[in-house]
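Before any comments, here is the structure.
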Amino acid sequence: MILILNPDAGEESQEYKQLMAHLAAMPGIKTRVHVEHGTEQTLREIHLIGNTKALDIADMQGLPCVDRVVRVSQEYRILGRHKDDQRPTHFEYNGVRFGQDTLHVFAGLCAVDNREHVEKMMRALKENGQACTRMGAYKPRTSPYAFQGHGKNCLPYVFELAGKYGIKVIAMEITHESHMEEIAEALHMTGDPTGVMLQIGTRNTQNFELLKIVGRQTRMPVLLKRGFGITLDESLNAAEYLASEGNRNVVFCLRGMKTNMGDPHRNFVDFAHVPVVKRLTRMPVCVDPSHSVGSRAASSDGIMDMMHVTAQGVLAGANMVLVDFHPEPSQALVDGAQALLLKELPYFIEDVQIAREAYLKRVELRRQQS
Ligand code: PEP
Ligand code: MN
Numbered sequence: 001m002i003l004i005l006n007p008d009a010g011e012e013s014q015e016y017k018q019l020m021a022h023l024a025a026m027p028g029i030k031t032r033v034h035v036e037h038g039t040e041q042t043l044r045e046i047h048l049i050g051n052t053k054a055l056d057i058a059d060m061q062g063l064p065c066v067d068r069v070v071r072v073s074q075e076y077r078i079l080g081r082h083k084d085d086q087r088p089t090h091f092e093y094n095g096v097r098f099g100q101d102t103l104h105v106f107a108g109l110c111a112v113d114n115r116e117h118v119e120k121m122m123r124a125l126k127e128n129g130q131a132c133t134r135m136g137a138y139k140p141r142t143s144p145y146a147f148q149g150h151g152k153n154c155l156p157y158v159f160e161l162a163g164k165y166g167i168k169v170i171a172m173e174i175t176h177e178s179h180m181e182e183i184a185e186a187l188h189m190t191g192d193p194t195g196v197m198l199q200i201g202t203r204n205t206q207n208f209e210l211l212k213i214v215g216r217q218t219r220m221p222v223l224l225k226r227g228f229g230i231t232l233d234e235s236l237n238a239a240e241y242l243a244s245e246g247n248r249n250v251v252f253c254l255r256g257m258k259t260n261m262g263d264p265h266r267n268f269v270d271f272a273h274v275p276v277v278k279r280l281t282r283m284p285v286c287v288d289p290s291h292s293v294g295s296r297a298a299s300s301d302g303i304m305d306m307m308h309v310t311a312q313g314v315l316a317g318a319n320m321v322l323v324d325f326h327p328e329p330s331q332a333l334v335d336g337a338q339a340l341l342l343k344e345l346p347y348f349i350e351d352v353q354i355a356r357e358a359y360l361k362r363v364e365l366r367r368q369q370s
């Protein structure tokens with residue numbers, strides 16, 4: 001059970017102390033306080049853990065400071081959607097709103113290779129009205145001999161160029177806690193010209209210690225990739241690890257499942273789960289067509305499979321698209337075969353827009369039926 005307190009319920013107030021004393025006296029119930037500092041107000045939630053079945057909603061509603069009571073109907077207590085749960089399904093970061101009602105394209109380099117390519121990418125994004133990108137500095141690779149990413153050495157120029165071209169949010173994978181500190185330091189050194197959404201890759205979805213450490217910082221939001229060989233429930237629990245440590249600004253990313261059943265695609269595309277994740281949780285949902293499909297193959301209509309699955313995800317209500325582009329795919333150090341070309345960026349954005357408009361029309365049509 002979650003008690004959502006009045007926005008003005010300060011820790012120092014008599015009512016708050018009364019409430020906490022009352023809860024402490026309840027047998028078999030433990031409390032955990034979650035504080036969320038918003039731009040306008042601080043919201044406090046008290047999570048009651050233990051045998052809460054016997055508690056009466058109306059009684060709890062009557063306690064001092066309590067604004068609303070939510071009975072937790074599933075495991076993901078913080079990020080999940082529960083019955084009569086009015087908690088927000090969006091957050092704001094560096095001036096960009098991420099919600100279950102918005103859509104952002106994060107087109108960019110799978111791996112940063114050099115300054116020239118980063119600049120070409122960022123310039124193209126600006127020319128096409130984009131404020132978000134992806135830039136891989138730390139690359140988890142199958143072979144220990146493969147290029148592992150430039151790491152912290154590339155961060156200063158990546159961030160400076162992002163500032164120069166008005167990029168507000170960069171999705172950047174980290175594979176170790178030290179990367180988080182390197183990113184924070186480079187942002188500080190360059191004068192905070194941009195924002196970073198920390199990406200947890202599919203190989204680390206159940207790296208619980210990493211999740212806990214990343215969840216303990218609340219400055220940067222997190223893009224959590226679904227684990228490629230675990231159930232959806234297990235991946236959603238991984239997201240809950242981040243929130244349980246304090247960071248609930250989490251976007252959940254579908255990126256396909258590892259199985260031969262999806263051949264010839266690199267992974268079995270799982271974008272049918274977009275509405276499922278939006279129903280079960282309050283997280284915005286991202287789709288990654290590049291790592292799902294893994295090639296530029298096109299169907300007889302001339303449209304690349306990557307574009308088809310992107311449209312399918314967006315048509316189903318996806319809130320973010322993470323997609324690999326490269327100015328010179330033949331020179332890319334990672335995943336060149338699945339990169340889209342800079343000249344394809346306007347086409348990609350327009351194709352996504354068509355799917356988005358169709359989705360919004362579908363929502364409106366459904367609204368008229370009810
Ligand atoms: C990536 O986005 O660069 C990546 C490695 O993705 P995933 O973790 O989904 O394989
Ligand atoms: Mn990649």
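Under our numbering, the first residue of the sequence shown is numbered 1, with each subsequent residue one higher. Even for Gly, the Cβ is constructed at its ideal location relative to N, Cα and C. Remember, predicted model here, so these are calculated numbers, not experimental data.
Quick one: does the C-beta of E181 sit closer than 8 Å to a heavy atom of the ligand PEP?
-> no
Neighbourhood of R203 by C-beta, 6 Å cutoff - its chain only, sequence neighbours within 5 removed | P140
Alpha helix (DSSP H) segment containing L341, residue limits | Careful: L341 lies outside any alpha helix (DSSP H) and carries neither H nor E.
Beta-carbon gap between G262 and A243 smaller than 9 Å | no
Determine which residues share a DSSP beta bridge with R77 and list them.
-> Paired residue(s): none; R77 is not in a bridge.
Find out if the Cβ-Cβ distance for the pair P329, A124 is shorter than 9 Å.
-> no
Between which two residues does the alpha helix (DSSP H) containing M189 stretch?
-> 177–189
With distances taken between CB atoms, is the gap from H104 to V169 smaller than 9 Å?
-> yes
Indicate the three-state DSSP secondary structure (helix, strand or coil) for V285 in the structure shown.
-> strand
Using a Cβ-Cβ cut-off of 9 Å, state whether R219 counts as contacting chain D.
-> Within the model displayed, chain D is absent; a lone protein chain is all it includes.
Nearest to V352 by CA position, among Q338, D335, A339, G313, is which residue?
-> G313
Please report how far the alpha carbon of K126 lies from the alpha carbon of T310, in whole angstroms.
-> 21 Å
Candidates H265, A238, N260: which alpha carbon is nearest C253's?
-> A238
Per DSSP, which residues does I200 bridge with? Please list them.
-> L224
Can you tell which of L55, H291, E173, I4 has its C-alpha closest to the C-alpha of P221?
-> E173
T231, DSSP secondary structure in three states = coil
Could you check what DSSP says for V314 in three-state terms: helix, strand or coil?
-> helix
In chain order, what residues of the same chain have a beta carbon less than 8 Å from the beta carbon of F98, not counting five sequence neighbours either side?
-> H90, F91, E92, H104, P221, N249, V251, P284, N319, M320
Quick one: which unbroken beta strand (DSSP E) runs of 3-plus residues sit fully inside the region 238–301? Chain order, please.
-> 250–254, 285–287
For M122, three-class secondary structure by DSSP = helix
Cα separation between E177 and M135?
-> 18 Å
Looking at the unbroken alpha helix (DSSP H) that takes in G163, where does it start and where does it end?
-> 155–164
Check V352 in the structure and name its three-state DSSP category.
-> helix
Can we count S290 as close to the ligand ATP, meaning its CB is less than 8 Å from some heavy atom?
-> This structure lacks the ligand ATP; its bound ligands are the ligand PEP and the ligand MN.
Closer than 6 Å by C-beta to L223: which residues in its own chain qualify, once you throw out the five before and the five after it? Chain order, please.
-> A171, M197, Q199, V251, C253
Between I46, G38, P7, M1, which lies nearest to L19 when the distance is taken from Cα to Cα?
-> I46
Whose CA, out of T142, H150, G129, E185, lies closest to the CA of I167?
-> G129
Bridge-paired residues (DSSP) for Y93 | V96
Of the residues G246, G50, Q86, the one placed nearest D67, counting alpha carbons only = Q86
Based on Cα-Cα distance, which residue from C132, V96, H188, H150 lies nearest to A162?
-> C132
Since D305 and V287 are thought to touch, with beta carbons under 8 Å apart, how far apart are those beta carbons, to the nearest angstrom?
-> Not really, about 13 Å apart at Cβ, beyond 8 Å.
Alpha carbon to alpha carbon, how far is A137 from L333? Give it in angstroms, no decimals.
-> 12 Å
From what residue to what residue does the beta strand (DSSP E) around E11 run?
-> First-last for E11: undefined, no H or E at that position.
In terms of residue numbering, what span does the alpha helix (DSSP H) encompassing V214 cover?
-> 208–216
DSSP puts F325 in a beta bridge; with which residues?
-> L340
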